[in-house]
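Q: Under our numbering, the first residue of the first sequence is numbered 0, with each subsequent residue one higher. Note that the Cβ used here is the ideal one computed from N, Cα and C, for glycine as well. Shown below is the structure under consideration.
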Amino acid sequence: MSTPSEVLTQRLREALAAAGLDQTRGSVMQATDTRFGDYQANAAMVLAKEHKSNPRQIAASILDKIDVSGISATPEIAGAGFLNFRLTPEFLSSALSRMANDPRLGVPTADAPRKFLIDFSSPNVAKPMHVGHIRSTILGDCIMRVARFLGHEVVADNHIGDWGTQFGKVIYGWKHFLDREALAKDAISELVRLYRTVNSLEETDESVKREAREELVKLQSGDPENLAIWKETVELSWREFEKLYALLDIRFDERLGESFYNDALAPLCDDLEKRGIATVSEGALCIFFPQIPALADKPTIIRKSDGGFLYATTDLATIVHRVETWHPDEILYVVGAPQALHFQQLFAAAEMMGLHCTLRHIAFGSILGENRKIMKTRSGENIGLADVLNEAIVRARAILSDRGDHLPPKEQEETARLIGLGAVKYAELSQNRLTDYVFSWDKLLAFEGNTAPYLQNAYVRIQSIFRKAECPPDPSAPVTLTDPAERALAVKLLQYAETVPAILDDFRPNLLANYLYELANTYHSFYEACPVLKSEPDVRASRLVLCDLTARTLSHGLGLLGIRCPSRM
RNA sequence: GCAGCCGUAGCUCAAUUGGAUAGAGCAUCUGACUACGGAUCAGAAGGUUAAAGGUUCAAGUCCUUUCGGCUGCACCA
Numbered sequence: 000m001s002t003p004s005e006v007l008t009q010r011l012r013e014a015l016a017a018a019g020l021d022q023t024r025g026s027v028m029q030a031t032d033t034r035f036g037d038y039q040a041n042a043a044m045v046l047a048k049e050h051k052s053n054p055r056q057i058a059a060s061i062l063d064k065i066d067v068s069g070i071s072a073t074p075e076i077a078g079a080g081f082l083n084f085r086l087t088p089e090f091l092s093s094a095l096s097r098m099a100n101d102p103r104l105g106v107p108t109a110d111a112p113r114k115f116l117i118d119f120s121s122p123n124v125a126k127p128m129h130v131g132h133i134r135s136t137i138l139g140d141c142i143m144r145v146a147r148f149l150g151h152e153v154v155a156d157n158h159i160g161d162w163g164t165q166f167g168k169v170i171y172g173w174k175h176f177l178d179r180e181a182l183a184k185d186a187i188s189e190l191v192r193l194y195r196t197v198n199s200l201e202e203t204d205e206s207v208k209r210e211a212r213e214e215l216v217k218l219q220s221g222d223p224e225n226l227a228i229w230k231e232t233v234e235l236s237w238r239e240f241e242k243l244y245a246l247l248d249i250r251f252d253e254r255l256g257e258s259f260y261n262d263a264l265a266p267l268c269d270d271l272e273k274r275g276i277a278t279v280s281e282g283a284l285c286i287f288f289p290q291i292p293a294l295a296d297k298p299t300i301i302r303k304s305d306g307g308f309l310y311a312t313t314d315l316a317t318i319v320h321r322v323e324t325w326h327p328d329e330i331l332y333v334v335g336a337p338q339a340l341h342f343q344q345l346f347a348a349a350e351m352m353g354l355h356c357t358l359r360h361i362a363f364g365s366i367l368g369e370n371r372k373i374m375k376t377r378s379g380e381n382i383g384l385a386d387v388l389n390e391a392i393v394r395a396r397a398i399l400s401d402r403g404d405h406l407p408p409k410e411q412e413e414t415a416r417l418i419g420l421g422a423v424k425y426a427e428l429s430q431n432r433l434t435d436y437v438f439s440w441d442k443l444l445a446f447e448g449n450t451a452p453y454l455q456n457a458y459v460r461i462q463s464i465f466r467k468a469e470c471p472p473d474p475s476a477p478v479t480l481t482d483p484a485e486r487a488l489a490v491k492l493l494q495y496a497e498t499v500p501a502i503l504d505d506f507r508p509n510l511l512a513n514y515l516y517e518l519a520n521t522y523h524s525f526y527e528a529c530p531v532l533k534s535e536p537d538v539r540a541s542r543l544v545l546c547d548l549t550a551r552t553l554s555h556g557l558g559l560l561g562i563r564c565p566s567r568m
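Here is the structure:
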């Protein structure tokens with residue numbers, strides 16, 4: 000099943016070929032405004048430039064050859080040389096009927112399926128997940144869902160921060176100040192308390208600092224007691240993370256943290272040095288990038304002068320392991336934009352090593368504080384992710400019991416969760432991933448306007464119609480479009496199939512969020528203008544199909560964003 | 001200092017990657033509730049896209065300069 004833009008592009012290219020013009024210049028896209036019809040093409044203007052001739056004349060010669068039978072009215076030449084297409088009612092009706100009988104709602108699978116490995120979320124052990132982790136976690140999950148739906152293979156790997164200098168302090172604290180009861184109650188809070196206690200002691204007591212460092216060295220050299228403590232902190236932290244992932248409905252295929260690569264680091268460095276890729280400079284083993292101007296004076300260190308390894312070392316070892324184990328076509332790193340340089344260096348190094356895999360940094364903007372400064376991990380003032388999610392659910396529950404349906408307590412609780420969590424996820428996914436934003440409870444937890452609850456509400460209203468109709472919609476019922484609002488909804492529905500694949504072009508879920516919002520908007524206008532249940536039987540059946548398609552598209556699209564729809568709210 | 005990202009309505013953000021008269025949501029104002037669910041709809045108002053130049057049929061988008069902001073830049077992750 001082809002989308003309108005695919006069919007029109009095909010017809011346009013045939014016409015270009017027939018007119019002796021360059022076919023590759025022909026592409027038809029959604030009109031920027033309903034005044035210009037449903038679809039538009041600017042091929043005539045592009046070709047006019049290449050041939051140094053009149054665009055409207057070229058447009059006329061295309062019109063002379065183009066066959067749009069069965070899909071569009073004869074295109075109109077407008078403006079500087081645009082071709083405007085208007086889909087015929089017959090085409091819309093039959094395309095909608097096909098969509099109604101298709102579980103994929105017309106969305107094609109990828110022509111060339113790829114294998115992706117997605118690296119996202121990556122929380123640090125012994126630290127709570129905070130708002131800064133929202134974007135990576137939710138974006139990564141969404142990209143995974145979309146890629147799988149489009150027929151790609153995906154490995155989701157949570158590269159957790161389970162190794163590092165902080166464990167010296169945590170272990171020292173564990174041995175001296177551990178409160179078992181508090182640990183059982185809220186493990187991460189207790190671990191954070193230990194870390195902070197030791198940290199502040201170190202400021203006044205040199206011996207504490209020294210002993211904490213010794214604990215770290217013992218851990219790194221495999222001391223059984225410290226290894227056991229470390230392992231326990233990792234597992235306790237992971238259990239806390241899992242609670243949040245369960246709440247967010249997010250699952251990983253792998254959980255290979257930094258520690259997994261420890262044994263690979265020294266051999267990797269030796270190998271790179273032997274191959275001449277890395278060289279010693281000022282006592283440290285470095286990789287230089289003389290062939291890349293931007294990195295000419297920016298080497299990356301993979302082994303410190305004291306023999307210790309770094310983040311870059313682990314990341315390189317991780318790439319090697321991933322390529323050897325899963326042979327992905329592409330590895331995606333869903334990590335904040337400030338780390339752009341690190342990834343540039345990392346990818347350049349991987350290239351020098353001859354690792355055959357496309358590496359992409361899916362960067363996103365930072366969450367800023369009230370002062371418009373970036374929220375730093377070290378500040379200790381971070382807002383916990385769990386707090387945000389719980390607050391969202393509390394607010395949803397309050398609105399629900401205030402003005403929602405009178406639902407049984409269990410359903411009410413479940414619905415409050417779907418609404419609250421949906422609002423948080425949608426707030427993230429509906430904006431361009433690269434823009435920074437100021438953290439705001441009200442924005443993240445908004446339930447009105449362009450929000451998930453708005454979309455969920457549209458879905459719920461449709462379900463309500465179905466309950467009152469007392470018979471399920473019949474997808475085989477003929478669809479007739481007479482009212483402009485019906486037509487607008489029909490065109491919008493068919494564009495779902497064009498929107499979903501576009502998400503992966505530049506990994507931008509906000510394209511889907513924007514689409515779903517427009518769909519719900521278009522539906523609401525239809526809903527106001529076109530009575531469903533009170534109409535004549537034929538019209539009623541046709542409109543029920545439109546309702547059904549809208550509900551299924553909303554539910555499916557939100558599902559790709561990781562958001563579920565309640566049937567009542 | 002060098003590099004990267006950014007600057008769009010009072011606020012928060014879009015803009016199909018160079019397409020037509022720059023669009024939404026909040027907030028403000030005017031209408032629509034004996035309702036197929038008002039978490040809604042119809043409408044109004046709000047802009048020299050930081051500034052100046054350039055490229056072309058066409059620039060928020062590409063190039064140059066200036067101003068302002070953020071981020072990164074050898075032994076943290």
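Which value, in whole angstroms, describes the spacing of the CA atoms of A245 and D140?
A: For A245 and D140, the distance between alpha carbons rounds to 13 Å.
Q: With 16 other CB atoms within 10 Å as the buried threshold, where does K491 fall?
A: Buried, by the Cβ-count rule.
Q: Determine the DSSP secondary structure at G36, reduced to helix, strand or coil.
A: Reduced to three states, the DSSP call for G36 is coil.
Q: Span of the beta strand (DSSP E) holding Q29?
A: Note, Q29: beta strand (DSSP E), V27 to Q29.
Q: Could you give the DSSP three-state label for D441: helix, strand or coil?
A: Helix at D441.
Q: To which residues of the same chain is E272 closer than 8 Å at the C-beta, ignoring the five residues directly before and after it?
A: So the list reads T278, V279 and L284, once near-sequence residues are dropped.
Q: Please check the pair I117 and M143, which I expect to be a contact at CB under 8 Å, by giving their CB distance rounded to whole angstroms.
A: About 5 Å; that satisfies the 8 Å criterion.
Q: Look at the Cβ atom of I392, then the Cβ atom of G419, and state whether they are nearer than 8 Å.
A: It is a contact, given that the beta carbons lie within the stated cut-off.
Q: For F287, which residues in the same chain have their Cβ closer than 6 Å to its Cβ, ignoring the five residues on either side in sequence?
A: Closer than 6 Å at the Cβ level, and outside the excluded window around F287, lie P298.
Q: Considering just the uninterrupted stretch of the alpha helix (DSSP H) at H151, what are its terminal residues?
A: Run containing H151: none; DSSP gives neither H nor E here.
Q: Quick check: what's the CA-CA separation for I382 versus H129?
A: The alpha-carbon atoms of I382 and H129 are separated by roughly 6 Å.
Q: Checking 8 Å against the spacing of the C-beta atoms, do S96 and R85 come in under that value?
A: Result no, Cβ atoms of S96 and R85 do not sit closer than 8 Å.
Q: Using 10 angstroms around the beta-carbon of I170, count the other beta-carbons present and answer buried if the total reaches 16, otherwise exposed.
A: Buried: at least 16 other Cβ atoms inside 10 Å.
Q: May I ask you to verify whether the segment 428 to 446 touches the segment 399 to 410, counting CB pairs closer than 8 Å and requiring at least 3?
A: Short answer: they don't touch.
Q: Do L620 and L454 have their C-beta atoms closer together than 8 Å?
A: With the chain covering 0 to 568 only, the question about residue 620 has no answer from this structure.
Q: Going by C-alpha distance, which of G172, T136 and F166 is nearest A155?
A: Selected option, being the one with the closest Cα: T136.
Q: Nearest-angstrom Cα distance between T2 and P107?
A: Straight-line Cα distance between these residues: approximately 9 Å.
Q: Can you say whether D110 is buried or exposed, counting buried as having 16 or more other CB atoms within 10 angstroms of its CB?
A: Per the 10 Å Cβ criterion, exposed.
Q: Applying the criterion that 16 or more other CB atoms from any shown protein chain within 10 Å of the CB defines a buried residue, is L515 buried or exposed?
A: Buried, by the Cβ-count rule.
Q: Per DSSP, which residues does G383 bridge with? Please list them.
A: Answer is H129.
Q: Could you tell me the distance, in whole angstroms, from the CA atom of R179 to the CA atom of Y425?
A: One C-alpha to the other measures close to 39 Å.
Q: Using 8 Å for Cβ pairs, my map puts F232 next to A385. What's the rounded Cβ distance?
A: Checking the displayed sequence, the identity of residue 232 turns out to be Thr instead of Phe. About 18 Å separates the two Cβ atoms, so there is no contact after all.
Q: Given a cut-off of 8 Å on the beta-carbon distance, is the pair V459 and P327 in contact?
A: No, Cβ-Cβ distance for V459 and P327 is not below 8 Å.
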